[in-house]
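**Student:** Here it is: the structure, laid out below.
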Amino acid sequence: MAPERPILMVERQRCVVCSENADGLHFGVSSCRACAAFFRRTVAHDKIYTCRDKSSCDIHTSVRCMCKSCRYEKCLRMGMRKTAVQRNRDAIGKRISNNPSEDQEMSSPCSSNSDKHEEEELVGMNYLNRVSESYEHLTSVRRVVHRNDKMNFLETSHTSRPVRHEECNEQHARDLPLLMDFIVSAFPDFNALERGQKDIIFRNFFLQFRVLECAYFSLLYNRSDVLFTPGGYYIDINDIEGHFQNTNVDKKKEMIEFMRKNLTMFRDTYLNNVYGLLTDKFEFYTLIGMILFDIALEGQSDECAVVCKAVRHRLFSELVYYYKYVKKLPDASIRIATLMQMPPLIQRSSRKFLEDVEVSHIFGMMIFHESFYDIVFAKQPISNSTFGQNIGAGIKKECSYLDLPKNVPITQNGKEFVQLL
């Protein structure tokens with residue numbers, strides 16, 4: 001059994017109204033999307049509620065239908081500011097009633113159509129928001145783990161620069177346990193899968209995720225002439241010789257020619273064609289889930305396929321919600337049809353890259369870290385491979401390497417990794 005090891009984690013804030021996980025500050029206090037939307041709708045439409053009890057109802061996330069009157073009073077009591085609400089703003093659409101009596105409601109459980117709209121608005125992106133939170137955490141941890149400057153690793157910004165071959169391989173090796181932690185925290189359905197099924201879908205996911213993330217970074221920084229690494233540095237496609245500078249390896253010339261040929265093709269056939277297909281982070285998060293929970297994989301069980309289909313359906317439903325109610329697109333189907341041109345590009349680029357790497361490996365060109373070959377080529381379970389050993393000690397080793405101070409939040413996440421392996 002792998003030893004427990006420290007993981008950098010973000011302590012979640014709780015909603016001051018219902019004690020659910022908060023997703024940020026709303027109207028001056030830390031609250032969840034549900035309570036924030038309820039407060040906004042109440043103030044924006046001057047709603048008046050009456051409690052059927054003694055104005056002492058329990059307001060908690062475990063209560064299926066909370067008393068509106070007591071919920072609103074608690075919002076005010078905990079510090080939500082009515083002045084921060086933009087009036088005449090409704091994310092679902094205008095629902096202005098001509099009947100004055102409708103502005104006064106008796107607070108009763110789940111009694112009106114507006115409740116259904118509120119519920120739709122509040123839970124519409126729960127899964128994608130979870131992925132977003134986890135990926136932002138991954139980005140923050142990467143800034144720490146991949147920094148070379150041990151004294152100033154808490155700085156949130158740095159100047160990107162070309163990365164050398166050895167450092168690039170080191171970054172990808174260090175990033176493996178971070179990527180695993182991201183999957184565990186972002187996708188609870190993955191954790192529930194049988195160990196062998198996790199192995200199957202992760203092997204299918206790994207290289208495609210790297211290809212997808214390359215496109216995301218390219219769009220984020222508006223650069224297709226470089227490939228960004230997990231640490232925020234880059235490989236200059238037009239200067240492969242510089243990438244291998246001061247590198248003493250066998251068959252160096254062959255490796256340079258291999259990298260130049262393949263990265264140039266990767267740029268021309270993939271990076272230059274993703275502009276307009278992938279446009280923002282929530283589309284990126286959706287594609288991550290689509291790739292991870294792929295179906296029709298060799299060795300995939302029926303139970304695993306059912307889980308994967310359910311997650312993909314959930315992600316698509318939330319993406320439609322995002323297009324309709326957040327971005328307010330007139331026709332979400334057109335945008336989805338455009339986005340769905342991405343998966344074939346990702347799969348084709350991944351397969352081509354994998355074929356070329358396999359050929360280079362046969363001819364003795366060890367271009368990547370051994371853990372990379374373990375994942376994409378080895379037939380043994382991940383837990384028995386070099387990659388599994390890296391997972392077992394990766395985070396602890398890197399935290400020790402960086403000499404993290406005591407004020408950095410550390411959480412033991414060993415159980416999740418044991419389940420993963």
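The opening position of the sequence shown corresponds to residue 1 in the UniProt record's numbering, with each subsequent residue numbered one higher. C-beta: ideal position from N, C-alpha, C; glycine also.
How is the alpha helix (DSSP H) around L297 delimited, first residue to last?
**Tutor:** Numbered from 1 along the sequence shown, position 297 holds the residue referred to as residue 297. Here L297 belongs to no alpha helix (DSSP H), and DSSP marks it neither H nor E.
**Student:** Assign H146 to one of two classes, buried (16 or more other C-beta atoms within 10 Å of its C-beta) or exposed (fewer than that).
**Tutor:** In the sequence shown, residue 146 corresponds to position 146, counting from 1. When all chains shown are included, H146 counts as buried.
**Student:** According to DSSP, which residues form a beta bridge with D250?
**Tutor:** Here residue 250 corresponds to residue number 250 of the sequence shown, with the count starting at 1. Note: D250 sits in no beta bridge, so no partner.
**Student:** Could I get the ranges of all uninterrupted alpha helix (DSSP H) runs contained in the region 304 to 359, with 4 residues as the minimum, in chain order?
**Tutor:** The region 304 to 359 contains these whole alpha helix (DSSP H) runs: 332 to 339.
**Student:** Which ranges does the alpha helix (DSSP H) cover as unbroken runs of at least 4 residues, wholly within the region 54 to 85, from first to last along the chain?
**Tutor:** The qualifying runs are 68 to 77.
**Student:** If you run the structure through DSSP and keep just helix, strand and coil, what is N238?
**Tutor:** Walking along the sequence shown from the start, residue 238 turns up at place 238. Of the three classes helix, strand and coil, the one that applies to N238 here is coil, per DSSP.
**Student:** In terms of alpha-carbon separation, which member of I362, Y135, Y72, R142 lies closest to P282?
**Tutor:** Numbered from its first residue, the sequence shown carries residue 282 at position 282. It is Phe, not Pro, that sits at residue 282 in the sequence shown. With distances taken between Cα atoms, F282 lies closest to Y135.
**Student:** For V311 and V29, what's the separation of their Cα atoms in angstroms?
**Tutor:** Here the question's residue 311 lines up with position 311 in the sequence shown. Here the question's residue 29 lines up with position 29 in the sequence shown. Approximately 32 Å between the Cα atoms of the pair.
**Student:** Is the region 219 to 227 touching the region 268 to 276 in the sense that three or more CB pairs, one from each, lie closer than 8 Å?
**Tutor:** The answer is yes - the region 219 to 227 touches the region 268 to 276, with three or more Cβ pairs under 8 Å.
**Student:** Just mark K327 as buried or exposed, buried being the case when its beta carbon has 16 or more other beta carbons within 10 Å.
**Tutor:** Translated into positions along the sequence shown, residue 327 becomes position 327. Label assigned to K327: exposed.
**Student:** Could you compute how far the alpha carbon of F353 sits from the alpha carbon of Q245?
**Tutor:** Residue mapping note: residue 353 aligns to position 353 of the sequence shown, counting from 1. Residue mapping note: residue 245 aligns to position 245 of the sequence shown, counting from 1. Straight-line Cα distance between these residues: approximately 23 Å.
**Student:** Expressed to the nearest angstrom, what Euclidean distance is found between the alpha-carbon atoms of Y323 and L212?
**Tutor:** Here residue 323 corresponds to residue number 323 of the sequence shown, with the count starting at 1. Here residue 212 corresponds to residue number 212 of the sequence shown, with the count starting at 1. Going from the Cα of Y323 to the Cα of L212 covers about 21 Å.
**Student:** Where does H26 fall in DSSP's three states?
**Tutor:** Residue numbering aside, residue 26 sits at position 26 when the sequence shown is read from its first letter. Correct three-state label for H26: strand.
**Student:** Below 7 Å CB to CB, which residues in the same chain sit around D189 once its five sequence neighbours on both sides are set aside?
**Tutor:** To locate residue 189, count along the sequence shown from 1; it is residue 189. Taken in chain order, the residues that qualify are V307, V311.
**Student:** Within the continuous alpha helix (DSSP H) that includes F363, where are the two ends?
**Tutor:** Translated into positions along the sequence shown, residue 363 becomes position 363. Unbroken run through F363: none, as it is neither H nor E.
**Student:** Who are L227's beta bridge partners in DSSP?
**Tutor:** Taking the sequence shown and counting its residues from 1, one reaches residue 227 at position 227. Answer is I235.
**Student:** Look up L287 in the DSSP assignment and give the residues it is bridged to.
**Tutor:** One-based indexing of the sequence shown puts residue 287 at position 287. Paired residues: none, contrary to the question.
**Student:** Taking only the alpha-carbon atoms, compute the straight-line gap between R40 and T247 and give it to the nearest angstrom.
**Tutor:** Position 40 of the sequence shown, counted from the first residue, corresponds to residue 40. Position 247 of the sequence shown, counted from the first residue, corresponds to residue 247. Straight-line Cα distance between these residues: approximately 59 Å.
**Student:** Could you give the DSSP three-state label for L292: helix, strand or coil?
**Tutor:** Here residue 292 refers to the residue found at position 292 when the sequence shown is read from its first residue. Helix at L292.
**Student:** If you follow the alpha helix (DSSP H) that P188 is in, where does it begin and where does it stop?
**Tutor:** Numbered from 1 along the sequence shown, position 188 holds the residue referred to as residue 188. First-last of the alpha helix (DSSP H) with P188: 188 to 191.
**Student:** With a threshold of 7 Å on Cβ separation, who are the neighbours of H60 within its own chain once the five nearest residues in sequence on each side are excluded?
**Tutor:** By one-based count along the sequence shown, residue 60 stands at place 60. Same-chain partners within the cutoff: C18, S19.
**Student:** CB A44 to CB C32, shorter than 8 Å?
**Tutor:** Along the sequence shown, read from residue 1 onward, the residue named residue 44 stands at position 44. Along the sequence shown, read from residue 1 onward, the residue named residue 32 stands at position 32. Going by C-beta atoms, A44 is not nearer than 8 Å to C32.
**Student:** Starting from L278, follow its DSSP beta bridges and name the residues at the other end.
**Tutor:** Along the sequence shown, one-based indexing puts residue 278 at 278. In DSSP, L278 forms a bridge with Y275.
**Student:** Would you kindly work out how many angstroms separate the C-alpha atoms of H369 and E166, rounded to a whole number?
**Tutor:** Indexing the sequence shown from 1 puts residue 369 at position 369. Indexing the sequence shown from 1 puts residue 166 at position 166. Looking at the two C-alpha atoms, the distance is approximately 9 Å.
**Student:** Bridge partners for R14 per DSSP, in chain order?
**Tutor:** In the sequence shown, residue 14 corresponds to position 14, counting from 1. Partner(s): N21.
**Student:** Hey, could you find the ends of the alpha helix (DSSP H) Q197 is sitting in?
**Tutor:** Here the question's residue 197 lines up with position 197 in the sequence shown. Residues 195 to 221.
**Student:** Buried or exposed for A192, please, with buried defined as at least 16 other CB atoms from any protein chain shown within 10 angstroms of its CB.
**Tutor:** As a working mapping, residue 192 is identified with position 192 in the sequence shown. Exposed.
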